[in-house]
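Chemist: Handing you a structure now.
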Amino acid sequence: VQLQASGGGLVQAGGSLSLSCAASLRTDSGMGWFRQAPGKEREFVAGILWSGIAYYTDSMKGRFTISRDNAKNTIYLQMNSLKPEDTAVYYCAAQNRGAITSTDYRYWGTGTLVTVSS
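To convert a position in the sequence shown, counted from 1, into our numbering, add 607.
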């Protein structure tokens with residue numbers, strides 16, 4: 608399975624961006640978004656099951672929304688009220704092998720850069 612993330616870019620603080628991640632094949636399991644800022648470890652942002660049940664890191668609840676279109680094998684991440692500390696490379700992942708919040712996924716996309724200016 609190949610994952611192609613897109614939608615990153617430069618935005619001012621308080622602005623919004625929408626990311627998408629298209630999988631080359633159907634994935635019935637969980638899919639997620641992670642991010643990695645320079646000098647930091649990769650961290651969980653949001654995840655979503657095939658059923659649509661979503662999970663978020665507490666700091667992103669209310670600002671980020673993950674959604675999924677199973678017919679298109681695509682997940683989305685709507686990011687609102689962005690802050691400079693949200694600056695990172697955002698990665699999508701598919702087929703979690705452990706907790707959806709962990710980094711234990713079978714497939715990873717190449718990442719898309721989100722830069723939030725102050």
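The beta-carbon is built from N, C-alpha and C at its ideal position, and this holds for glycine as well.
Since we're looking at a predicted model, the values are computed, not measured.
How close, in whole Å, do the beta carbons of ARG642 and TYR697 come, if the pair is a contact with beta carbons under 8 Å?
Modeler: What you label residue 642 is simply residue 35 of the sequence shown in a count that begins at 1. What you label residue 697 is simply residue 90 of the sequence shown in a count that begins at 1. The Cβ separation is near 5 Å, so the contact holds.
Chemist: At which residues does the beta strand (DSSP E) containing TRP640 begin and terminate?
Modeler: Working through the sequence shown from its first residue, we reach residue 640 at position 33. Residues 638-643.
Chemist: Hey, ASN680 and THR634: beta-carbon distance below 8 Å or not?
Modeler: Residue mapping note: residue 680 aligns to position 73 of the sequence shown, counting from 1. Residue mapping note: residue 634 aligns to position 27 of the sequence shown, counting from 1. In contact: ASN680 and THR634 (Cβ atoms closer than 8 Å).
Chemist: Do you know whose CA, among GLY659, ALA695, ASP711, GLY615, lies nearest LYS647's CA?
Modeler: Within the sequence shown, numbered from 1, the residue matching residue 647 stands at position 40. If we check each option's Cα against that of LYS647, ALA695 comes out closest.
Chemist: Below 8 Å on the Cβ atoms is my contact criterion, and I expect TYR662 with SER674 to pass it. Report the Cβ-Cβ distance as a whole number of Å.
Modeler: Counting from one through the sequence shown, the residue named residue 662 turns up at place 55. Counting from one through the sequence shown, the residue named residue 674 turns up at place 67. Not a contact, Cβ separation roughly 13 Å.
Chemist: How about ALA644 and CYS699: are their beta carbons less than 8 Å apart?
Modeler: On the sequence shown, position 37 is the one that residue 644 refers to. On the sequence shown, position 92 is the one that residue 699 refers to. No, they are not a contact pair.
Chemist: If you count every other CB in all the chains shown that lies within 10 Å of the CB of LEU720, and 16 or more means buried, which is it?
Modeler: Here the question's residue 720 lines up with position 113 in the sequence shown. Answer is exposed; the Cβ neighbour count stays below 16.
Chemist: Between GLN702, SER724, THR672, which lies nearest to GLU692 when the distance is taken from Cα to Cα?
Modeler: Numbered from its first residue, the sequence shown carries residue 692 at position 85. Taking only the C-alpha atoms, the option nearest GLU692 is SER724.
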